[in-house]
């Protein structure tokens, strides 16, 4: 395994960031040079801030530091984030089995609940699994970490509208204040909040937040999310031609799930677009 300093230097140089730019007002450049050459170890707080300034998560940093390999727990978290749909039954079963290696790990126990919710046969069953976790742990946590945010995004569908709005607002604020490198995840929460507002017929507020979603999607080069945001904005603005254009492009780029989602919404709000 590489030292902390070696890993910082590797990522910094790969991203074309100078020592002065990374150090900023956090530490002086000489101190950073000593850290990179393993002559000095930063405090935990400064180490965390340096990693954030590089625009990566702690898991990504550890992955690079460990010669591009995850340990068993990190691999579970990584694989969880890469499950695209709750229909991937075999992957979910495999992850649940691997979670048994960590019977006393609180984060892994959270993941087990989410995976079981994915396997649930009904929304009611999924809620019965997730709501206790939300009420006893996640909602009472003062500071949501990256894993909490990802897990909430994955189980967003089980909550009632008011809770979803509250989660969205807090998640967006947390990402903006603590994890600005999670713009793609922030886009998800913004899009989800917009969808709830649209379902409540609050199209003016939905349109305002969709402008933000468009900016975020552009910044992260997520054209599927960009087209979804533009499609929803078109619905809010009663622009059927634009909504159908976004749908057409989603089909062309083979973003099938986003395409199906927007298609359903265009049908749902058809009377508004007529």
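In the numbering used here, the protein residues as written are 884 to 1157. Just so you know, even glycine gets a beta-carbon here, dropped at the ideal spot from N, CA and C. Nothing here was measured: the structure is a model prediction, and the numbers come from that model.
Three-way DSSP call (helix, strand, coil) for residue i in this model
{"i": "residue 991", "result": "helix"}
{"i": "residue 1121", "result": "coil"}
{"i": "residue 952", "result": "coil"}
{"i": "residue 920", "result": "coil"}
{"i": "residue 915", "result": "helix"}
{"i": "residue 1152", "result": "coil"}
{"i": "residue 1144", "result": "helix"}
{"i": "residue 932", "result": "helix"}
Contacting residues, own chain, Cβ-Cβ under 7 Å from residue i (five flanking each side not counted)
{"i": "residue 1076", "result": "1048, 1051 and 1092"}
{"i": "residue 953", "result": "946 and 961"}
{"i": "residue 1090", "result": "1116, 1119 and 1120"}
{"i": "residue 1013", "result": "996, 1000, 1038 and 1041"}
Beta-carbon gap between residue i and residue j smaller than 8 Å
{"i": "residue 1130", "j": "residue 1146", "result": "yes"}
{"i": "residue 824", "j": "residue 1074", "result": "No answer is possible for residue 824: it lies beyond the span of the chain, which begins at 884 and ends at 1157."}
{"i": "residue 1126", "j": "residue 1114", "result": "yes"}
{"i": "residue 1032", "j": "residue 978", "result": "no"}
{"i": "residue 937", "j": "residue 898", "result": "yes"}
{"i": "residue 1016", "j": "residue 994", "result": "no"}
Buried versus exposed, by CB contacts within 10 Å (16 or more), residue i
{"i": "residue 1006", "result": "exposed"}
{"i": "residue 1070", "result": "buried"}
{"i": "residue 1078", "result": "buried"}
{"i": "residue 925", "result": "buried"}
{"i": "residue 1105", "result": "buried"}
{"i": "residue 976", "result": "exposed"}
Nonlocal neighbours in the same chain, by C-beta distance under 6 Å from residue i, ignoring five residues either side
{"i": "residue 1009", "result": "1000, 1003 and 1041"}
{"i": "residue 1123", "result": "1156"}
{"i": "residue 949", "result": "884"}
Same chain, Cβ closer than 8 Å to residue i, five either side skipped, listed in chain order
{"i": "residue 902", "result": "895, 912, 915, 916 and 919"}
{"i": "residue 1058", "result": "1032, 1065, 1066, 1068, 1069 and 1072"}
- Message: Just to confirm the assignment: which complete alpha helix (DSSP H) runs, minimum length 4, are found wholly within the segment 978 to 1045?
- Response: 989 to 1001, 1006 to 1019 and 1029 to 1037
- Task: Could you tell me which uninterrupted alpha helix (DSSP H) segments, each at least 4 residues in length, are contained entirely in the segment 1037 to 1119, listed from first to last along the chain?
- Result: Qualifying alpha helix (DSSP H) stretches, in chain order: 1044 to 1061, 1066 to 1082, 1086 to 1102 and 1106 to 1119.
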